[in-house]
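Report on the following structure.
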Amino acid sequence: MAGLALWLVPAPIMAGELASDRQADRSSVTIIGDLMQRIRDKVISDPSLPPASSPFPPHATLLSGLKADDGTDNGKRDELWSKALRVVSGWRKAGQHLSSTPISEVETRVESLVTRGWYFQILVLALELTEPLLKLNELARQTLLPETIKAAPPYFPHVSLLYSDATVEQARGLISELKKEDDGTFMPKSICFTHLELWDCNGDVGRWHRLERVGLAQVPLEGDSDKIGNS
C-alpha cells in the first residue's frame, strides 16, 4: 500500500469505560483495540506464524491510493483534503432523504471475521455495506479518483485486525481460535464511525502518520459557508 488514504475512524474512548467489562459500556475503538492486541499476542507467542506489522489504529479505509494534484504525495495536500471535506458535506446533505436530519456518523453491523488472503487483509472484520457507507465511498471515488471508477472492484468495507504474511490456513486457524474463545465480550457487534482522517501510508506501517482529522458531524452541509474545524 502506498500514497494517501482516507480512513473512517470509530468514536473515541468514552470517559470511565476502561473500568467496565460490559461491551455496552465500551466504545468500538476500545473493543477493536483489545481484539487487535489479543491477536498480536497470539502471533508473538506462536513462532510458526510470520511476524505482525507495527501496530496501527482501528479504522475502515474509505479510499486509498490517493495522490495530491501535482502527482506527488507531498504536494497540495490541503487541496486534496478540501475536496474530501466537500465530499462529506455533499454526502451529509444527500443523506437527509434517509432521515429527518443530516448524517453525522456511519454505524454499520459487523458481519463476520474473515481472511481475504493477503497482507493488508489477512484478518478483517467484514462490515455490512449500508446505503450511507456505499454512497460515501462512491462520492469519494467520483471526486478524488474519477479515472478508476470503471476498473475499481466493488467496495469491501472492513476493519483490518492484523497485517501479516500469514497464509490463508494460518489465518483460518487464528479465526477458529478467536471464535472458540469469544464469550460475547470481545468481538464487536457493530461499529460507529464518527471521524474522517487523511493518512500518509507510504513506507512501512510504522512510518504511517495522520495528516488531517475531522468529525463527520462538524462538516457543514453543502452550501453552508461556515468554517470547518478539525477535532
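With mature numbering (1 follows the signal peptide of the UniProt record, and there is no 0) applied, the sequence shown corresponds to residues -15 to -1, 1 to 216, in that order.
Built from N, CA and C at the ideal position, the CB exists for glycine as well.
Let me confirm a value: residue i is counted as buried when at least 16 other C-beta atoms fall within 10 Å, else exposed. Which label applies?
| i | result |
| --- | --- |
| S30 | exposed |
| S210 | Unreliable placement is indicated for S210, whose pLDDT of 47 sits below 50; no coordinate value is reported for it. |
| G80 | buried |
| P43 | buried |
| V73 | buried |
| G208 | exposed |
| R192 | exposed |
| G88 | Per the sequence shown, the amino acid found at residue 88 is Ile instead of Gly. Buried, since its Cβ has 16 or more Cβ neighbours within 10 Å. |
| Q127 | exposed |
| E116 | exposed |
| L121 | buried |
| E182 | buried |
| D55 | Note that D55 has pLDDT 49, beneath the 50 cutoff, so the model's placement of it is unreliable and the number below is only indicative. With fewer than 16 Cβ atoms within 10 Å of its Cβ, D55 is classed as exposed. |
| A136 | exposed |
| A125 | buried |
| A(-11) | buried |
| K165 | exposed |
What residues in its chain sit with their C-beta under 8 Å from that of residue i, if we drop five residues either side in the sequence?
| i | result |
| --- | --- |
| D189 | S38, S39 |
| G214 | Only weak support is given to the placement of G214: the predicted model assigns it a pLDDT of 49, under 50, and the question is left unresolved by the model. |
| W76 | I88, P117, K120, L121, L124 |
| G(-13) | S49, G50, L51, K52, D58, C186, N187 |
| R71 | T128, E207 |
Taking the alpha helix (DSSP H) that residue i belongs to, which residues open and close that run?
| i | result |
| --- | --- |
| L110 | From DSSP, L110 is part of no alpha helix (DSSP H) but of the beta strand (DSSP E) over 108 to 112. |
| I88 | Neither: I88 is in no alpha helix (DSSP H) and is coded neither H nor E. |
| D63 | 62 to 79 |
| G18 | 13 to 30 |
So, at 7 Å on beta carbons, what are the nonlocal neighbours of residue i in its own chain, with the 5 sequence-adjacent residues on each side left out?
| i | result |
| --- | --- |
| D6 | Bear in mind that the predicted position of D6 carries a pLDDT of just 48, short of 50, making it unreliable; the figure below should be weighed with that in mind. The residues are T170. |
| F178 | L(-8), V(-7), P(-6), A45, E90, V91 |
| V95 | L110, L112, P173, K174, S175, I176 |
| D150 | P35, Y104 |
| L118 | V91, T93, P142 |
| S13 | P(-6), A(-5), P173, I176, C177 |
| A156 | T100, I107, L108 |
| G102 | V153 |
Would you give the residue range spanned by the beta strand (DSSP E) that residue i belongs to?
| i | result |
| --- | --- |
| L(-10) | -12 to -6 |
Can you give me the Cβ contacts of residue i inside the same chain, cut-off strictly under 6 Å, excluding the 5 residues immediately before and after it?
| i | result |
| --- | --- |
| T133 | none |
| V28 | L34, A37 |
| Y140 | N122 |
| I16 | P173 |
Does the CB of residue i have a neighbour CB from chain C at under 9 Å?
| i | result |
| --- | --- |
| T100 | Absent here is chain C; the protein component of the structure consists of one chain. |
Next item on the list: For the region 142 to 161 and the region 96 to 112, state whether three or more C-beta atom pairs, one from each stretch, are separated by less than 8 Å.
Entry: yes
Item checked: the region 20 to 34 in contact with the region 192 to 209 per 3-pair CB rule at 8 Å -> no
Notebook entry, point to check: For the region 125 to 198, which segments carrying the beta strand (DSSP E) assignment without a break, of at least 3 residues, lie completely within its bounds, in sequence order?
Noted result: 143 to 147, 175 to 185
Checklist line | Segment contact, 8 Å Cβ cut-off, at least three pairs: the region 60 to 71 with the region 193 to 200 | finding: Contact holds between the region 60 to 71 and the region 193 to 200, because three or more Cβ pairs, one in each stretch, are under 8 Å apart.
Next item on the list: Only counting runs of 3 or more residues, tell me where the beta strand (DSSP E) segments fall wholly within the region 30 to 54, in order along the chain.
Entry: 45 to 51
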